[in-house]
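Here's the structure, in structure tokens; my notes come after.
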Amino acid sequence: MTRRHNDYTRPLGDYTCPNGCDLHGPSIPKESRQHYSKDATHFSRMIGVEIPGLYDGVCYWMCPDCGERWHRFADGRVYDAVQKEWERDLVYQVREADKGTR
Ligand SMILES: [Zn+2]
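In this note's numbering, the protein residues as written are 454 to 555.
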């Protein structure tokens, strides 16, 4: 089975998007590092997208450079809802593109 681009989550501390963009933000001051996840040295530029009413927290991640989206969760209720939203979005995009060719 071919793994699609968005079909995986990325571990905390991974500072690249699925397309390889560098997501390192500013350095976390040494005196503050205790408040962040173990081994974190930099803030991340990943965009955490919340969907009000679905889940109280980040539902999926987005790259500020290339716009790539990837799941936070590998499966479950939030994963399914996010996947459906993305699929609806793609249908919309294809329909909009078709309008110009008919
Ligand atoms: Zn990217």
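Where a beta carbon is used, it is the ideal one built from N, C-alpha and C, also for glycine.
Q: Report yes or no: do the region 476-484 and the region 493-504 share at least 3 C-beta pairs separated by less than 8 Å?
A: yes
Q. Using the rule of at least 16 other Cβ atoms within 10 Å of the residue's Cβ for burial, across every protein chain shown, is Cys512 buried or exposed?
A. Within the sequence shown, residue 512 is the residue found at index 59, counting from 1. With 16 or more Cβ atoms within 10 Å of its Cβ, Cys512 is classed as buried.
Q.
Can you look up Ser485 in the DSSP assignment and give me helix, strand or coil?
A. Translated into the one-based positions of the sequence shown, residue 485 becomes position 32. Three-state result, Ser485: helix.
Q: Below 7 Å CB to CB, which residues in the same chain sit around Gly501 once its five sequence neighbours on both sides are set aside?
A: Taking the sequence shown and counting its residues from 1, one reaches residue 501 at position 48. Once the five neighbours on either side are set aside, the close Cβ partners of Gly501 are Val511 and Trp514.
(Q) For His524, count the other beta carbons within 10 Å of its own beta carbon; 16 or more makes it buried, fewer makes it exposed. Which is it? (A) Here residue 524 corresponds to residue number 71 of the sequence shown, with the count starting at 1. Counting Cβ neighbours within 10 Å, His524 comes out buried, since at least 16 surround it.
Q. Buried or exposed: where does Cys516 fall if 16 or more other Cβ atoms within 10 Å of its Cβ makes it buried?
A. Looking up residue 516 in the sequence shown gives position 63. So Cys516 counts as buried.
Q. From Arg486 to Val547, what does the alpha carbon distance come to, in whole angstroms?
A. Locating residue 486 in the sequence shown gives position 33, where the first residue counts as 1. Locating residue 547 in the sequence shown gives position 94, where the first residue counts as 1. Answer to the nearest angstrom: the Cα atoms are 45 Å apart.
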